[in-house]
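Residue numbers (this note's numbering): 96 to 733.
Quick reminder that beta carbons are idealized off the backbone N, C-alpha and C, glycines included.
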Ligand code: F6R
């Protein structure tokens with residue numbers, strides 16, 4: 096939620112403006128209510144803001160006189176405090192216009208701080224929680240009672256050094272007075288060659304360039320310029336100049352060698368690359384996402400490996416329960432994974448929405464393994480869930496798509512999904528790569544705990560290895576789905592039904608329709624139909640049903656009966672069925688076919704037509720497929 100970008104150059108030019116705008120374009124998926132930049136030239140600071148999509152800000156800057164700058168910061172907003180107006184857009188400035196600040200997060204004690212500032216004569220120009228911070232920072236820099244930081248800000252012009260130290264000191268001072276979550280980037284007209292930043296429970300990464308450096312909410316902000324990133328930890332501060340990065344701990348000491356990592360996102364994976372929308376592109380990237388997530392998982396002895404495991408095997412052998420936490424699509428991926436992990440490892444698996452988890456006082460012990468699934472690795476609800484779990488002594492495995500993200504850093508083991516950057520707000524390739532990664536985790540646990548022999552695991556992996564081609568096959572048949580979407584374009588409600596692993600797929604299909612088509616949709620367990628939902632069926636009600644393979648008759652036959660039941664009550668039925676299974680054809684208005692695959696793997700195929708269906712329906716309705724209303728890609732506040 097909210098994207099922030101920063102850049103520092105060696106010489107004044109238009110580079111900061113270009114880098115910040117390009118970074119905002121890549122981060123626009125995190126919020127698109129308004130956008131703004133602050134550019135700092137030799138001795139003054141210029142702020143430009145516009146309501147609505149980033150394109151409005153770009154238009155504004157195209158017609159404005161923009162002086163060559165040494166540094167710049169930018170923000171794309173998802174409104175929390177205050178409506179999307181120009182006044183509420185970031186950057187916010189101090190009363191004297193010398194300081195500009197962008198913020199991602201929520202300041203919980205903003206009201207009290209605002210009242211205090213008002214009492215001191217500060218005039219606030221916006222309704223935001225952020226604005227209080229820029230006034231506090233500006234006052235702290237000038238306040239002789241607030242000590243400047245005593246260390247050296249590397250790479251800064253000598254005449255700006257005192258200001259930069261005062262900015263770091265002010266950041267530390269203000270951070271100690273605010274409750275809540277934040278990533279803050281601060282620039283000052285008196286020190287144009289530095290951006291000072293801070294973070295607590297909100298994301299911040301620094302990119303290392305040649306004679307220039309970058310800051311961003313995530314690596315996408317600067318991935319086209321550098322692939323080397325520095326991790327900024329919880330409650331750390333950083334002063335970034337064109338040639339150096341000084342990371343300061345909460346106690347004021349310099350972190351001598353902050354951890355750097357290489358970003359493996361090719362920058363072209365973050366562009367539309369000829370596709371009309373990111374969502375369509377990402378749906379079509381699923382064969383690669385699944386293949387890349389599976390790649391190189393076997394060591395020289397044929398044993399399955401994860402990416403980073405800091406949990407000893409003897410501890411994994413004592414695990415007596417697993418809890419999978421995540422939100423939205425990630426949680427549905429977890430629900431699919433439960434069927435496989437319980438079956439392979441014989442461990443009870445609970446799947447819990449991350450935001451519900453800690454509030455129900457869950458039974459979590461040192462023998463509980465918590466699996467946190469998150470594309471962004473920055474979802475605040477999931478972060479809070481893993482913190483709670485670790486406080487109870489549980490071990491946490493992160494299944495994340497973003498290396499270096501908070502969830503990966505705060506976990507005991509990491510399993511990366513190699514889906515590449517997901518830009519469309521509606522998750523597609525993240526889902527299939529999360530399910531794949533969870534299958535790998537399940538097989539890894541089965542190996543460590545001795546539930547399966549090496550050759551059995553290799554056999555499961557081999558079958559999983561066929562999925563990328565099978566997904567491609569489903570994609571190749573996408574036209575039938577697109578036609579169905581066009582036929583259903585006036586639907587006002589759609590019901591999805593699935594049984595066993597088809598149930599979470601039904602919920603995922605319904606979520607896609609809600610979020611990008613604004614159509615009311617619900618996914619039900621097919622077995623639940625007669626316990627209530629069948630009352631919703633009326634003449635013409637569209638129902639999409641995921642039919643299990645006929646090789647599992649105990650599942651298959653019941654779902655085929657459900658199709659007949661809804662059809663008999665006037666439903667328009669769309670069926671997702673295995674190739675060669677014609678048992679539902681006579682009760683189905685439209686049938687999408689998927690290739691035969693083991694039951695547990697079927698969600699990797701059956702979800703694909705549902706994604707295409709939603710994507711096409713939103714397109715036909717003329718909606719913004721990639722940036723649906725009211726949503727943002729990363730939900731970084733609770
Ligand atoms: C739905 C969607 C969301 C996310 C959820 C978790 O299409 O994208 O439901 O799945 O907000 O996000 P991550 O995976 O980043 O934790």
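Which residues in the same chain have their Cβ closer than 6 angstroms to the Cβ of residue 416, if we skip the five residues on either side of it in sequence? 443 and 463
Query - Any non-hydrogen atom of the ligand F6R within 7 angstroms of residue 98 CB - result: no
Is it buried or exposed for residue 676, if we count other Cβ within 10 angstroms and need 16 for buried?
By the neighbour-count rule (16 or more Cβ atoms within 10 Å), residue 676 is buried.
Within a Cβ cutoff of 7 angstroms, which residues of the same chain sit near residue 529, ignoring the five residues on either side of it in sequence? 425, 428, 468, 494 and 512
ask   = By Cβ distance below 6 angstroms, which residues in the same chain neighbour residue 609 in space, the five residues on each side in sequence not counted?
value = 616
Environment of residue 604 [buried if 16+ CB atoms lie within 10 Å]:
buried
>> Any contact between the segment 152–165 and the segment 546–559? By contact I mean 3 or more CB pairs, one from each, below 8 angstroms.
In response: No, the segment 152–165 is not in contact with the segment 546–559.
query: Along the chain, where does the alpha helix (DSSP H) that runs through residue 526 open and close?
result: 524–543
Review point. Considering only residues of the same chain and omitting the five flanking positions on each side of residue 180, which have a CB-CB separation below 7 angstroms?
Key: If we look at residue 180 and ignore the five residues flanking it on each side, its Cβ neighbours are 146.
May I ask you to list the residues that DSSP assigns as paired with residue 100?
169 and 311, per the DSSP bridge assignment.
How long is the line joining the alpha carbons of residue 622 and residue 594, rounded to whole angstroms?
Looking at the backbone, the Cα of residue 622 and that of residue 594 are separated by about 7 angstroms.
Nearest residue (CA-CA) to residue 480, options 496, 458, 498 and 174 | 458
Original post:
What does a CB cutoff of less than 7 angstroms around residue 657 pick up in its chain, not counting 5 residues either side in sequence?
Top reply: 592, 621, 624 and 640
- Taking three-plus beta-carbon pairs below 8 angstroms as touching, is the segment 275–283 in contact with the segment 293–306? yes
_Cut-off 8 angstroms between Cβ atoms - residues of its own chain near residue 327, not counting five sequence neighbours on either side_ = 292, 294, 299, 300, 301, 333, 342 and 353
Short Cβ contact (8 angstroms threshold) for residue 365 with residue 498: no
With distances taken between CB atoms, is the gap from residue 242 to residue 264 smaller than 8 angstroms? Yes, Cβ-Cβ distance for residue 242 and residue 264 is below 8 angstroms.
*Endpoints, beta strand (DSSP E) assigned at residue 211*: Looking at the DSSP string, residue 211 is not in any beta strand (DSSP E); the run it does join, the alpha helix (DSSP H), is 205–214.
Q. Which class does residue 576 belong to by DSSP, given the choice of helix, strand or coil?
A. Helix, per DSSP.
In the DSSP assignment, find the alpha helix (DSSP H) that holds residue 478 and state where it starts and stops. 475–486
Q.
Alpha carbons only, please: which of 323, 714 and 730 is nearest the one belonging to residue 578?
A. 714
Q.
Rounded to the nearest angstrom, what separates residue 527 and residue 566 at their Cα positions?
A. Spanning the two alpha carbons is a distance of roughly 10 angstroms.
- [ ] Specify the secondary structure class of residue 122 as computed by DSSP and reduced to three states.
- [x] helix
Worksheet entry | Contact under 8 angstroms by Cβ, residue 336 with residue 216 | With respect to residue 216, residue 336 sits apart: the two C-beta atoms are not nearer than 8 angstroms.
- Rounded to whole angstroms, what's the CA-CA distance from residue 438 to residue 380? Just pull it up for me. A straight line joining the alpha-carbon of residue 438 with that of residue 380 spans about 29 angstroms.
Proximity below 8 angstroms, CB of residue 489 to CB of residue 460:
yes
- Query: Mind pulling the beta strand (DSSP E) runs of 3 or more residues that sit fully within the segment 396–478?
  - Reply: 416–421, 444–448 and 463–469
Expressed to the nearest angstrom, what Euclidean distance is found between the alpha-carbon atoms of residue 706 and residue 611?
-> 10 angstroms
Open item on the list: I'd like to confirm something about residue 424: is its beta-carbon nearer than 7 angstroms to some heavy atom of the ligand F6R, or not?
Closed with: Yes - the ligand F6R has a heavy atom lying nearer than 7 angstroms to the Cβ of residue 424.
Contact belief for residue 286 with residue 262 at Cβ below 8 angstroms, rounded distance in angstroms: That belief holds up - the Cβ atoms of residue 286 and residue 262 are roughly 7 angstroms apart, short of 8 angstroms.
What do you reckon, is the C-beta of residue 730 under 7 angstroms from a heavy atom of the ligand F6R? yes
Leaving out five residues on either side along the sequence, give the residues of the same chain with a beta carbon under 8 angstroms from the beta carbon of residue 504.
326 and 328
Of the residues 190, 228, 450 and 194, which one's Cα is nearest the Cα of residue 206? 228
Could you pull the DSSP bridge partners for residue 194 from this structure? 283
* **beta-carbon residue 536 near the ligand F6R non-hydrogen atom, thresh 7 angstroms** => no
Please confirm whether residue 432 and residue 477 have their CB atoms less than 8 angstroms apart.
no
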